[in-house]
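Below is one structure, written out as structure tokens; comments come after it.
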Amino acid sequence: MTTILYDGTYEGWLTAVFEAYTNKLTDVLFTRQEASTAKLFEATLTVVMDETKAERVLAGLQKRLSAQGIMSLYKTYLSDIEEPERVMWQFIRHVFGNGHNVEEDYGHPAVWAVRQAARRVKREAHRMQAFVRFKLTQDQLYYAIIEPECDVLPLISAHFESRYADQRWLIYDARRKYGIYYDLETVSTVGVDFQPRGRFTSGLMAEISDEREEFYQELWRCYFKSVTIDARKNLRLQLQHMPKRYWKHLTEQIRKE
Amino acid sequence: MAKLQILADAAKYDVSCSSGQSKRANKDKGLGDSKGYGICHAFTEDGRCVSLLKILLTNHCVFDCAYCVSRKSNDVKRAAFTVEEVVDLTINFYRRNYIEGLFLSSGIFDSPDYTMERLVRIAKKLRLEQRFNGYIHLKAIPGASEELIKEAGLYADRLSVNVEMPTEQSLKLLAPDKNHQDVIRPMTYLKTEIAGHHQERKQNPKAPLFAPAGQSTQMVIGATKETDLDILGMTHQFYSQLNLKRVYYSGYVPISQDNRLPAVGTPVPIIRENRLYQADWLLRYYGFAFNELVGSEQPNLALDIDPKLGWALQHLDLFPVDINTADLELIKRIPGVGFQSAQKIVEARRFRKLQPEHLKQMGIAYNRAQYFMAFTTAFSLRKEYTPFALKQLILARQKSKYARTFSTQLSLF
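In order, the protein sequences belong to chains R and Z.
Start counting the first sequence at 126; every next residue gets the next number (my numbering).
Start counting the second sequence at 9; every next residue gets the next number (my numbering).
Dropping the structure here:
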């Protein structure tokens with residue numbers, strides 16, 4: 126068993142795959158550098174991200190997979206499954222071990238695991254397209270905070286860019302401590318610590334909010350309440366579609382004291 | 009705020025909420041887009057999704073339809089939005105990502121044309137002044153002029169005319185001011201216009217869009233005595249002759265004391281509504297004909313099992329189906345195998361002979377499907393079941409969300 130340390134980026138992992146093949150390693154364990162613990166490794170290989178090597182692996186994948194198949198691999202990397210690299214590695218081995226496209230070989234455990242992970246990420250990305258709630262600040266910035274289980278910002282960025290092309294916005298992932306910001310021209314990744322003192326008091330909120338912000342939030346809560354049909358109440362169904370872990374950032378579920 | 013409460017409350021029984029099937033790109037940095045698939049932004053306590061701001065322009069109405077909260081004789085608070093108010097609400101909700109767009113309906117005040125003209129004005133203002141590309145669904149008001157309905161189609165993504173009742177007799181009984189023909193006429197007109205614009209856009213992609221998401225309708229079920237055969241027969245006509253995109257079924261929620269209607273307190277026929285939607289999917293995506301699901305001997309769908317299982321139990325001679333060789337169409341008909349799973353099976357079997365463990369891994373409801381499929385093996389031992397025994401077997405093994413409703417039946421064993 127060889128442990129391969131890489132920088133935690135997707136390109137870094139592709140570089141690591143390149144190195145694994147170059148060194149003819151099959152029994153490998155990928156570890157993100159930041160997460161590496163002081164274990165006694167049998168052998169360790171530290172990989173430095175190299176765009177050319179990453180490109181070559183990607184080109185190899187493109188020969189054997191559809192764009193969707195490559196996307197599924199990337200989504201697996203963004204997922205929060207345990208040891209995504211292990212699944213991705215087994216998948217890659219299966220892909221390169223065959224002359225033909227195997228992405229629909231669902232009977233193979235790694236193919237299925239990648240599909241499942243990709244679906245999980247896709248579902249959460251879809252949910253985050255839905256559950257982002259923008260609030261308007263005085264300087265006309267629409268901002269939203271989310272805490273998804275998977276790292277979905279790279280997947281939803283284009284959706285928000287084309288939808289909200291005429292307003293400045295920021296979506297911040299509080300779990301991973303980075304956000305995407307659109308300045309009316311392009312979307313960029315921002316790593317600001319959005320909550321410098323770790324708290325947002327309601328006083329501060331009122332101070333930075335647009336004067337009409339609270340009014341529209343209240344209207345939305347009012348609308349949300351009015352459209353419920355009491356005779357059809359089904360809280361389980363509601364939870365199934367809108368799990369509670371998302372509620373703390375959903376305007377309509379925030380109860381005003 | 010009170011206005012929004014009243015007019016959202018009155019609109020909530022309208023079931024259409026979907027926002028799909030329309031593509032409207034955001035050009036030149038306007039606001040919003042429509043992608044062809046909908047996004048449900050929130051889910052209310054009844055578990056239904058909110059994807060559109062669904063409101064009435066007004067709940068003043070000159071009609072007196074027994075099943076409707078806004079009927080003339082009902083003693084409710086009345087309100088009306090101005091054109092500007094609806095536009096402002098839509099834009100501000102949309103900018104905060106609360107909604108995909110607007111679903112605007114209305115009571116009929118003054119005349120159909122007067123009402124329709126207001127609806128059109130709102131859509132026009134949203135598109136032209138606010139450069140809004142989100143989804144807009146408008147009601148086409150029966151009796152409104154063709155010019156107005158045509159103009160509505162130029163700004164809206166979807167138009168709908170509610171048929172309200174599954175048969176003409178029921179409509180006469182409960183909505184004496186309304187006429188079945190008044191509903192069918194705009195539908196027929198829209199069918200022609202939509203098809204015409206569609207054709208035109210094929211030749212000239214810059215030709216204007218006309219209700220690109222097509223038209224839909226809804227009917228109230230359980231308020232009157234229609235059978236599922238009546239209802240699905242009507243649905244079949246809507247899909248086959250009028251090219252409707254969707255038919256919605258709205259289980260009647262008793263809201264008024266009227267001896268023509270089920271008493272207040274009668275439970276909403278949620279299971280029946282669910283079975284109708286399942287049947288509707290079978291019609292649209294599974295290649296079933298309506299008279300395969302209901303017929304004159306059995307005019308109603310079974311409530312305890314879904315219509316696909318019901319059909320399979322009556323056609324056990326067609327099963328088991330060999331999943332390694334059968335046509336996609338036949339695989340789609342196996343209970344427990346969904347539309348997408350069927351496609352996965354056909355893709356995956358190119359790589360290896362599929363066995364039960366592969367299907368289980370692929371997320372197929374194997375517990376149910378196993379009785380209807382065969383695998384290519386050297387020999388196999390199958391137990392023969394009667395339809396009744398098989399049904400009991402499947403019912404006993406499944407965890408239905410409606411199990412409680414049928415507990416009396418299960419306790420017999």
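Ideal placement from N, C-alpha and C gives every residue a C-beta, glycine not left out.
In three-state DSSP terms, what is residue i?
i	result
I192/Z	helix
Q342/R	helix
G323/R	With a pLDDT of 46 at G323/R, under the threshold of 50, the predicted position of this residue should be treated as unreliable, though the coordinate-derived value follows. DSSP places G323/R in coil when its eight states are reduced to three.
C48/Z	coil
A229/Z	The amino acid occupying residue 229/Z in the given sequence is Ile; Ala does not appear at that position. Looking at I229/Z - three-state DSSP - the assignment turns out to be strand.
C347/R	helix
R357/Z	coil
I202/Z	helix
K147/Z	strand
V153/R	strand
D330/Z	strand
L39/Z	strand
G259/Z	strand
T394/Z	coil
R292/Z	helix
S248/Z	helix
Using the C-alpha atoms, what's the distance from residue j back to residue i?
i	j	result
L301/Z	P209/R	45 Å
N299/Z	D83/Z	43 Å
V228/Z	L362/Z	44 Å
L190/R	V182/R	12 Å
A19/Z	S113/Z	7 Å
P275/Z	E234/Z	17 Å
G133/R	C275/R	15 Å
S27/Z	G44/Z	8 Å
E92/Z	L65/Z	11 Å
L375/R	F111/Z	22 Å
N223/R	T140/R	21 Å
W138/R	Y199/R	10 Å
I402/Z	R376/Z	6 Å
E228/R	V236/R	6 Å
A160/Z	L146/Z	8 Å
L344/R	S304/Z	50 Å
N426/Z	F218/Z	Nothing about residue 426/Z can be reported from this structure: the residues present for chain Z run from 9 to 421 only.
S351/R	A242/R	37 Å
K247/R	K369/R	19 Å
R209/Z	K62/Z	30 Å
What does the Cβ neighbour count give for residue i, buried or exposed, with the cut at 16 atoms within 10 Å?
i	result
N148/R	exposed
H225/R	exposed
S204/R	buried
I239/Z	buried
M253/R	buried
E332/R	exposed
F89/Z	buried
Q158/R	exposed
N267/Z	exposed
E201/Z	buried
Spatial neighbours of residue i within its chain, please: CB distance less than 7 Å, with the 5 preceding and 5 following residues excluded, ordered by chain position.
i	result
G40/Z	N34, Y102, F140, N141, G142
Y197/Z	E154, I157
A373/Z	G344
A250/R	V277, L280, I281
D121/Z	A152, S153, L156
R258/R	A269, H374, L375, T376
L321/Z	P395, L398, K399
Can you name, in chain order, every residue of its own chain whose Cβ lies under 8 Å from the Cβ of residue i, other than the five neighbours on each side?
i	result
L295/R	L266, Y267, Y268, A269, G304, I305, Y306, Y307, V315
K186/Z	F71, C73, P150, E172, L179
E136/R	M174, E176, A179
K80/Z	C69, V70, F71, D72
V272/Z	P262, I263, S264, Q265
C57/Z	C25, C48, H49, A50, F51
Leaving out five residues on either side along the sequence, give the residues of the same chain with a beta carbon under 6 Å from the beta carbon of residue i.
i	result
R280/Z	none
F296/Z	L290
I99/Z	Q138
Q378/Z	none
Q292/R	Y267
A221/Z	Q29, S30, D165, R166
So does residue i have its beta carbon nearer than 7 Å to some heavy atom of the ligand ATP?
i	result
W138/R	The ligand content of the structure shown is nil, which means the ligand ATP is not present either.
Examine chain A for any beta-carbon lying closer than 8 Å to the beta-carbon of residue i, and answer yes or no.
i	result
D22/Z	Here the protein chains are R and Z, and chain A is not one of them.
Length at least 3, wholly inside the segment 234 to 322 of chain R: the beta strand (DSSP E) runs in chain order: Runs of the beta strand (DSSP E) inside the segment 234 to 322 of chain R: 266 to 271, 293 to 298, 303 to 307, 312 to 315.
Please give the ranges of any beta strand (DSSP E) in the segment 44 to 130 of chain Z, keeping only runs that are unbroken, at least 3 residues long and fully inside the region. With a minimum length of 3 residues, the continuous beta strand (DSSP E) runs that stay inside the segment 44 to 130 of chain Z are 60 to 64, 109 to 113.
Length-filtered (3 minimum) beta strand (DSSP E) runs lying within the segment 165 to 200 of chain R: 169 to 171
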